[in-house]
Amino acid sequence: MVRYAIYFMPAESSALAAFGASAIGYCAASGRDVPLPDSPFHRRADAMALTEEPRRYGFHGTLKAPFELASGRTEAELLDAARNFVRGRSPFSVPAMTVKALSRFVALVPAAHSAELAELAGDCVTAFEPFRAPLTDADLARRLKAPLSEPQRAYLAQWGYPYVFDEFRFHMTLSGPIEDDAVRSEAASSLASLYAPIDQPMPVDAITIEVQPARDQRFRVLERIAFG
């Protein structure tokens, strides 16, 4: 089944987008593979395997997690709703981003909590909920394999995703799961060095609708819709 997602993705022409696409080896805007950068982590023989998971989605920060369309809803209606959603919204910036190891993977995250990002994500969760079909039994079982708290389980049941509202933590994934602590540390160090030359406030000026034609295919950008 086709799935959609509401993400923050930097403008394709930006240095941040180029960094992210290179780090994971895929540009979701063009739908093309990108050579991995020259870093100690990316020179590893298993670098392609360790970056496989984020290549499924492209370089992004989740605002509303992937979902199948509810019965009777169409892609055109989703895009119209997204255009209405951004109307009247003003761009803002996240003052600083940093590369960190989060649990088993590495991601680019805000250096400090961003209330504006959290508000944007919460608004996306609720505004696009009418377009989300209920989770399949398989998707629900997959989510429940993770060690979820009771509030997270409640959010999963109501919103189809456990990490929303007060459980939301914005991150832009740069690696798949890395079990080895030393390799994860190497990945974080390499990616931090690659990010350092473009380190600057991150403009948030659009939402991106991505589409996944089938579960065994990668997501691609359907439309990036600017605020205002």
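Residue numbers for the sequence shown follow our numbering, beginning at -8 and rising by one. Ideal Cβ placement from N, Cα and C applies to all residues, glycine included.
_Less than 7 Å between the C-beta atoms of Ala73 and Ile169, yes or no?_
No, the pair does not count as a contact, with Cβ atoms beyond the cut-off.
*Nearest-angstrom Cα distance between Glu107 and Ala129?*
About 33 Å.
*Could you give the DSSP three-state label for Glu214: helix, strand or coil?*
Correct three-state label for Glu214: strand.
*Close beta carbons around Arg64, own chain, < 7 Å, minus the five adjacent residues each side*: So the qualifying residues of the chain are Phe122.
*Arg46 (DSSP reduced to helix, strand or coil)*: Look at Arg46 here: in three-state DSSP terms it is helix.
*Is the distance from the Cβ of Ala(-4) to the Cβ of Pro82 below 7 Å?*
Cβ distance not < 7 Å, so Ala(-4) and Pro82 don't count as in contact.
*How is Asp71 classed by DSSP in three states: helix, strand or coil?*
Looking at Asp71 - three-state DSSP - the assignment turns out to be helix.
*Rounded to a whole number of angstroms, what is the C-alpha to C-alpha distance between Ile198 and Ala137?*
Distance between the alpha carbons of Ile198 and Ala137 is about 28 Å.
*Taking three-plus beta-carbon pairs below 8 Å as touching, is the segment 11 to 26 in contact with the segment 41 to 59?*
As far as the Cβ criterion goes, the segment 11 to 26 touches the segment 41 to 59, which means the pair count is three or higher.
*Below 6 Å CB to CB, which residues in the same chain sit around Met(-8) once its five sequence neighbours on both sides are set aside?*
For Met(-8), where only same-chain residues beyond five positions count, the Cβ hits under 6 Å are Glu59.
*Determine the direct distance from the alpha carbon of Gln203 to that of Arg209, and round the result to whole angstroms.*
Going by the C-alpha atoms only, they are around 6 Å apart.
*Which runs of the beta strand (DSSP E), 3 residues or longer, sit entirely within the segment 53 to 98?*
Considered as a whole, the segment 53 to 98 harbours 83 to 85 and 88 to 93 as its complete beta strand (DSSP E) runs of no fewer than 3 residues, in chain order.
*In three-state terms, what does DSSP make of Arg133?*
Of the three classes helix, strand and coil, the one that applies to Arg133 here is helix, per DSSP.
*Which value, in whole angstroms, describes the spacing of the CA atoms of Leu70 and Gln143?*
Cα to Cα, Leu70 sits roughly 28 Å from Gln143.
*Indicate the three-state DSSP secondary structure (helix, strand or coil) for Met39 in the structure shown.*
Residue state for Met39 is assigned as helix, using DSSP reduced to three classes.
*For Glu44, which residues of its own chain have a beta-carbon under 6 Å away from its beta-carbon, when the five flanking residues on both sides are left out?*
If the five residues before and after Glu44 are omitted, its C-beta is found closer than 6 Å to the C-beta atoms of Gly167, all from its own chain and listed in chain order.
*When we look at the beta-carbon of Ala132 and count the other beta-carbons within 10 Å, is it buried (16 or more) or exposed?*
Result: exposed.
*Environment of His104 [buried if 16+ CB atoms lie within 10 Å]*: Counting every other CB atom within 10 Å of its CB across the protein chains shown gives His104 a total below 16, marking it as exposed.
*Check the C-beta distance from Pro192 over to Pro86 and give it rounded, since I have them as a contact under 8 Å.*
For a cut-off of 8 Å, the C-beta gap from Pro192 to Pro86 is around 5 Å, short enough to register as a contact.
*Drop a sphere of 10 angstroms on the beta-carbon of Ile189, count the other beta-carbons inside from all chains shown, and report buried for 16 or more, exposed for fewer.*
Exposed: under 16 other Cβ atoms inside 10 Å.
*Cα-Cα separation, Ser181 to Phe32*: Roughly 6 Å between the two C-alpha positions.
*Provide the residue span of the beta strand (DSSP E) that contains Phe10, from first to last.*
Where Phe10 is concerned, there is no enclosing beta strand (DSSP E), although the alpha helix (DSSP H) it sits in stretches over Ala6 to Ile15.
*asked:* So the candidates are Lys55, Ala67, Ala40 and Ser140; which of them puts its Cα closest to the Cα of Tyr(-2)?
replied: The residue with the shortest Cα to Cα distance from Tyr(-2) is Lys55.
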